[in-house]
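Number of protein chains: 2
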Amino acid sequence: MTEVDVPSGAPAAIATPAPGDPRLARLSLNQATTKRLTVHEAVDGCVRAGLPAIGLWREPVADAGLAESARMVADAGLRVSSLCRGGFFTTDAGVDETRRAVEEAAALGTDCLVLVVGGLPEGSRDLPAARGRVADGVATLAPFAAAHGVRLALEPMHPIYCADRGVVSTLGQALDLAEAFPAEQVGVVVDTFHVWWDPAVHDQIARAGPRIASYQVCDWITPLPPDALLARGMMGDGHIDFGRLGASVAAAGYAGDIEVEIFNADVWAADGDAVIATLARRYVQHVLDG
Amino acid sequence: MTEVDVPSGAPAAIATPAPGDPRLARLSLNQATTKRLTVHEAVDGCVRAGLPAIGLWREPVADAGLAESARMVADAGLRVSSLCRGGFFTTDAGVDETRRAVEEAAALGTDCLVLVVGGLPEGSRDLPAARGRVADGVATLAPFAAAHGVRLALEPMHPIYCADRGVVSTLGQALDLAEAFPAEQVGVVVDTFHVWWDPAVHDQIARAGPRIASYQVCDWITPLPPDALLARGMMGDGHIDFGRLGASVAAAGYAGDIEVEIFNADVWAADGDAVIATLARRYVQHVLDG
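Protein sequences appear in the order of chains A and B.
Numbering (the numbering used here) for the first sequence: 326 to 615.
Numbering (the numbering used here) for the second sequence: 326 to 615.
Written as structure tokens, this is what we have:
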């Protein structure tokens, strides 16, 4: 029986790598890709498919319980490649929430806390001030995180989200912020969706070097779905050249897990195992061999 | 009777400037803002409202006839602040179409031809190659345009459009391209919608200096409408700080017309005179006095 990719419905171009296949050695399921699954279900899905790592999100972890979540991933032998997410420093609750997120990351056994820094405060048009609040938030929390063995991973977000999600819009800008701190305290996330368009992206990946705390992949698809927050596609369904970006990330020295993070209503509606099988195939095709 | 702003429905915050008001001296209606209007109707609308300039689009000009359009704007005493648009150099027809657009710009009496450079070619993921084609297209046409008294105005587009509209994504990148040519041959468009998020925007506006060929304004609104091409808002309805951007543009030496260009289904559905009255008020409030 031919397997079918989701959500495209196209026949699978390659066989699904089996558990133990060395090509899966760095592949991580970011939990946002299988949004309907509990931590327990997502962990089981990773184990069945042979994925060695998972990127967790705070909300489902809270639903399952922090200690129970930590126990489940440990029992399953999975690495926790990151915890999403802290940040939102442009809101009043941002710093306190991020402090809790640091503690949760430590409890879950990951050293990578992804920060989405927040958009413009309600009613404000002062972008430089919002960016200043981000710098202040990072300065406040970097030593606290380091004391917990957690690195803050600043995620530059696609400029489409500048007003309402993240005022750090380029990898270069994230590095300008990060470089005020030791590399082991503050790193950056390279997410293909957010950075693929940037004329400076390869230079900035090289500049990032050991500050790359996480590499996340998904595709840019057109036409954009009506909800721009759900505009991410399965690798290969869109316009991103993963080979070139991956080569730059590797040349910069990054050898950690590679997370697949896809916000997409059609992916969320699909069967979890089918999603994980598809992303494993597409990862091999486009990210490893791209 | 209190006037009402469109499309917000909010009461007008200031009186509509009357024809002859010196605050209107640089205000231009980009025809895309009143998409349903013919050239004749848009010209009449500008005259009724006292706007001294109009930015034309090739399609409605073709509908009205090139010579007839030129006659109408001349008879009305309007400046043609720009013609939209040439470009699409990443498609096979791009260069030839842009050559025709240059001739039309000259016939209409404007020295500013706005270039939307085009997205990735169908099925291609090779962004550097697409950007290379843009450089080639500009090189091919810059002398031709100059011989017609027309300057090519490269418009960096918001990264949301990188895949399908314009692979020139930042003002800095546009200037890298433009600076291979004399400033009087190749300039850039500063459109607030496209550049407002860029951490380098003020530095790049200063760098642009006499290369600023057009300054276009509209707002970034959230949530984004379902069709991302129609995501532009009336000034004041969104998140952009027009005061700061306008100050940088003025400091760079730009003293030309300021076009209001809004792609927005609700604006298009509104009465043309109401749209022009609103944009005149909002221009005074947010762009002149912002």
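In this text, a Cβ means the ideal position worked out from N, Cα and C, and glycines have one as well.
For clarity, every value in this text was computed on a predicted model and none was experimentally measured.
How should residue 373 of chain A be labelled, buried or exposed, when 16 other C-beta atoms within 10 angstroms of its C-beta is the threshold for buried?
Taking a 10 Å sphere around the C-beta of residue 373 of chain A, we find fewer than 16 other C-beta atoms and assign the residue as exposed.
Short check: CB of residue 379 of chain A to CB of residue 403 of chain A, under 8 Å?
yes
Taking one C-beta from the segment 568-588 of chain B and one from the segment 538-558 of chain B each time, how about it: are there three or more such pairs within less than 8 Å?
Taking one beta carbon from each stretch, the segment 568-588 of chain B and the segment 538-558 of chain B have 3 or more pairs nearer than 8 Å; the two touch.
Which residues in the same chain have their Cβ closer than 6 Å to the Cβ of residue 517 of chain B, if we skip the five residues on either side of it in sequence?
542, 565 and 570
Going along the segment 413-438 of chain A in order, which residues come within less than 7 Å of chain B, judged by CB to CB distance?
none
Cutting at 7 Å between CB atoms, please list the residues of its own chain near residue 613 of chain A, excluding the five before and the five after it.
348
Please list the residues of the segment 472-491 of chain B that have a C-beta atom closer than 7 Å to any C-beta atom in chain A, keeping them in chain order.
483, 484, 485, 487, 488 and 489
If we define contact as Cβ-Cβ less than 8 Å, is residue 553 of chain B a contact residue for chain A?
yes
At 7 Å on the CB atoms, spell out the chain B contacts of residue 450 of chain A, in chain order.
564, 565 and 566
Can you find a C-beta in chain A that's less than 8 Å from the C-beta of residue 610 of chain B?
no
Return the Cβ separation of residue 467 of chain B and residue 529 of chain B in integer angstroms, given the expectation that the two are a contact with Cβ distance under 8 Å.
Residue 529 of chain B and residue 467 of chain B do not touch by the CB rule: their CB atoms are close to 20 Å apart, not below 8 Å.
Residue 393 of chain A: buried (16+ other C-beta within 10 angstroms of its C-beta) or exposed?
Classification for residue 393 of chain A: exposed.
Whole-angstrom Cβ separation of residue 502 of chain A and residue 479 of chain A, contact assumed at under 8 Å?
6 Å
To the nearest angstrom, report how far apart residue 395 of chain B and residue 361 of chain B are at their CA atoms.
19 Å
Report the CB separation of residue 485 of chain B from residue 553 of chain B in whole angstroms; it is logged as a contact under 8 Å.
6 Å
Counting only beta-carbon atoms, is residue 524 of chain A nearer than 8 Å to chain B?
yes
Tell me whether residue 417 of chain B is buried or exposed, calling it buried when 16 or more other Cβ atoms sit within 10 Å of its Cβ.
exposed
Let me make sure I understand the geometry here. Which of B:469, B:434 and B:401 has the alpha-carbon closest to that of residue 421 of chain B?
B:469
For residue 381 of chain B, which residues does DSSP report across the bridge?
Answer is B:408, bridged to residue 381 of chain B.
Is the CB-CB distance between residue 338 of chain B and residue 365 of chain B below 8 Å?
No. Outside cutoff.
Starting from residue 494 of chain B, find everything on chain E with Cβ-Cβ shorter than 8 Å and list it in chain order.
Although the question refers to chain E, the structure presented lacks it and instead comprises the protein chains A and B.
Do you know offhand how far residue 423 of chain A's Cα is from residue 576 of chain A's?
31 Å
Given this structure, state the Cα-to-Cα distance separating residue 340 of chain A from residue 522 of chain A, to the nearest angstrom.
The straight-line gap separating the alpha-carbon atoms of residue 340 of chain A and residue 522 of chain A is approximately 31 Å.
Using a Cβ-Cβ distance cut-off of 8 Å, determine whether residue 547 of chain B contacts chain A.
yes
For residue 536 of chain A, collect the residues of the same chain with a Cβ closer than 6 Å to its Cβ; drop the 5 residues on either side in sequence, then sort them by chain order.
503, 508, 512 and 513
Going by C-alpha distance, which of A:333, A:336, A:434 and A:429 is nearest residue 405 of chain A?
A:434
For residue 413 of chain A, I'd like the list of residues in its chain whose CB is within less than 6 Å of its CB, leaving aside the five on either flank, ordered along the chain.
419 and 443
Exposed or buried, what is residue 453 of chain A when buried is set at 16 or more other beta-carbons lying within 10 Å of its beta-carbon?
exposed
Put residue 528 of chain B into one of helix, strand or coil per three-state DSSP.
helix
Does DSSP classify residue 549 of chain B as helix, strand or coil?
Residue 549 of chain B: coil per DSSP, three-state reduction.
Taking only beta-carbon atoms, is residue 354 of chain B less than 8 Å away from chain A?
Any Cβ of chain A closer than 8 Å to the Cβ of residue 354 of chain B would place that residue at the interface, and such an atom is absent.
Examine chain A for any beta-carbon lying closer than 8 Å to the beta-carbon of residue 498 of chain B, and answer yes or no.
yes
Please compile the residues from chain A whose C-beta is within a distance smaller than 7 Å of the C-beta of residue 445 of chain B.
Near residue 445 of chain B (Cβ distances below 7 Å), the residues of chain A are 564.
Verify whether the separation of the beta carbon atoms of residue 583 of chain B and residue 410 of chain B is less than 8 Å.
Going by C-beta atoms, residue 583 of chain B is not nearer than 8 Å to residue 410 of chain B.
Since residue 498 of chain A and residue 524 of chain B are thought to touch, with beta carbons under 8 Å apart, how far apart are those beta carbons, to the nearest angstrom?
5 Å
Straight-line CA distance for residue 332 of chain A to residue 407 of chain A?
25 Å
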